[in-house]
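In the numbering used here, the protein residues as written are 817 to 1096. Just so it is clear, CB atoms sit at the ideal spot from N, CA and C, and this is done for glycine as well. Since the model is a prediction, treat every value here as computed from it, not as a measurement. Notes for the one structure printed next.
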Amino acid sequence: MKDDQLTPGRRMVLRAAAALGLTATAGCAGADPTAGPGPTAPSAAAAGPPAARPLKPSAYRLQPMAGHGPPRAVRALPRVRKAPILRLDLHDRSMVLTFDDGPDPRYTPAILRILRQYGVRAMFFVCGEMAADHQDLLREMADDGHVIGNHTWNHPLLPKLSRAAMRRQMESTCDVIEHVTGEAPAWFRAPYGAWNRNAFQLGAEYGMEPLAWTVDTLDWTEPGASAIVRRVHAGAAPGVVVLSHDAGGDRSGTVAALRTYLPDLLASGYRLTVPNRYAM
């Protein structure tokens, strides 16, 4: 039957149906064509199986700005230096004692007891693998008020590492220190005193100042306590940084020397102190 043969009632029904169809079409076409699709429920088939082990983000990676709870304070980053700090600009008879490579349960506890006996604070540049194995000693250092610095994870020669490998050495050690003590390290020392541009840049990125030393006791050569004492006495001066070790070999000479030169320095009017990274 042709359209002109439809009855008036039939034509009215068809016109109403056509009008409804045009209205629905206008509703879809009238949506903003630039707007993206709205959120949809995820498909279980598309999601795939869950990860076997979720990755734990490092505390030293960028964190999202949004989230629950108060925002975390942003640490002020030091400038990128071209050379490490060798001595401190102190205006009194102050010196800094530093101990590298630990903590070691054979020697670190004795050093901590001597420092505690004289009420002296020092700096400990720890290796991450040693700190992870001896967290009780790391916690004891922090409880006594000593400054804990980053000395990489396992004491590599940094200039021979890629930037990514160097980052892992620093970051993993920072994570251990902050996990155990609750505070991020503010100082970094390159193993063997071997620095390069990447070491300075990455250290600053992690909020750490590079500290070297002024007086090397050469205790790593195991010269005996008397030789170590002589070197400390010969190099004593305001602002100097003394390098010793509490791990990495036989450090009994280091412990014995500390028992002698520490009271000597105090009797001579020296103040053994620790630096403030934010005052550099």
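Problem set entry | Residues of its chain near THR924, where Cβ-Cβ distance is below 6 Å and the 5 sequence neighbours each way are ignored | Looking up residue 924 in the sequence shown gives position 108. Hits under 6 Å: GLY918, LEU953, ASP1062.
Exercise. Apart from the five residues just before and just after THR997, which ones in its own chain have a Cβ nearer than 7 Å to its Cβ?
Worked result: Stepping through the sequence shown from its first residue, residue 997 is reached at position 181. The residues are LEU954, ARG955, ALA958, ILE964.
Exercise. Could you check where the alpha helix (DSSP H) with HIS1158 kicks off and where it finishes?
Worked result: For the chain, the structure presents residues 817 to 1096; residue 1158 sits outside this window and is missing.
For this session: Check LEU936 in the structure and name its three-state DSSP category.
Result: Residue numbering aside, residue 936 sits at position 120 when the sequence shown is read from its first letter. Reading the sequence as shown, one finds Val at residue 936 and not Leu. Here VAL936 sits in coil by DSSP.
Exercise. Are the beta-carbon atoms belonging to THR1070 and ASP1032 less than 7 Å from one another?
Worked result: Taking the first residue of the sequence shown as position 1, residue 1070 is located at position 254. Taking the first residue of the sequence shown as position 1, residue 1032 is located at position 216. With respect to ASP1032, THR1070 sits apart: the two C-beta atoms are not nearer than 7 Å.
For this session: State the start and end residues of the unbroken alpha helix (DSSP H) segment that holds ASP916.
Result: Residue mapping note: residue 916 aligns to position 100 of the sequence shown, counting from 1. Per DSSP, ASP916 lies in no alpha helix (DSSP H); the unbroken beta strand (DSSP E) holding it starts and ends at 910 to 916.
For this session: With DSSP as the reference, please indicate the residues paired to GLU1025 in a beta bridge.
Result: Residue mapping note: residue 1025 aligns to position 209 of the sequence shown, counting from 1. Paired residue(s): TRP1003.
Problem set entry | For ASP916 and LEU1082, the rounded distance between their alpha carbons | The count along the sequence shown starts at 1 and reaches residue 1082 at position 266. The count along the sequence shown starts at 1 and reaches residue 916 at position 100. Straight-line Cα distance between these residues: approximately 22 Å.
For this session: Would you list the residues sitting across from ARG1087 in a DSSP beta bridge?
Result: By 1-based counting over the sequence shown, the position of residue 1087 is 271. Beta-bridge analysis with DSSP links ARG1087 to SER910.
Exercise. Is the stretch 935 to 945 touching the stretch 983 to 997 in the sense that three or more CB pairs, one from each, lie closer than 8 Å?
Worked result: Yes, since at least three Cβ pairs between the stretch 983 to 997 and the stretch 935 to 945 fall closer than 8 Å, the two stretches touch.
Exercise. LYS872 to LEU913, Cα distance in whole Å?
Worked result: By one-based count along the sequence shown, residue 872 stands at place 56. By one-based count along the sequence shown, residue 913 stands at place 97. Confidence is the limiting factor: at LYS872 the pLDDT is only 37, short of 50, which leaves the residue's position unreliable and the question unanswerable from this model.
Exercise. Which value, in whole angstroms, describes the spacing of the CA atoms of GLY1023 and LEU893?
Worked result: On the sequence shown, residue 1023 is found 207 positions in, with the first residue counted as 1. On the sequence shown, residue 893 is found 77 positions in, with the first residue counted as 1. Going by the C-alpha atoms only, they are around 5 Å apart.
Problem set entry | Start and end residues, beta strand (DSSP E) containing SER1060 | Mapped onto the sequence shown, residue 1060 falls at position 244. Note, SER1060: beta strand (DSSP E), 1057 to 1061.
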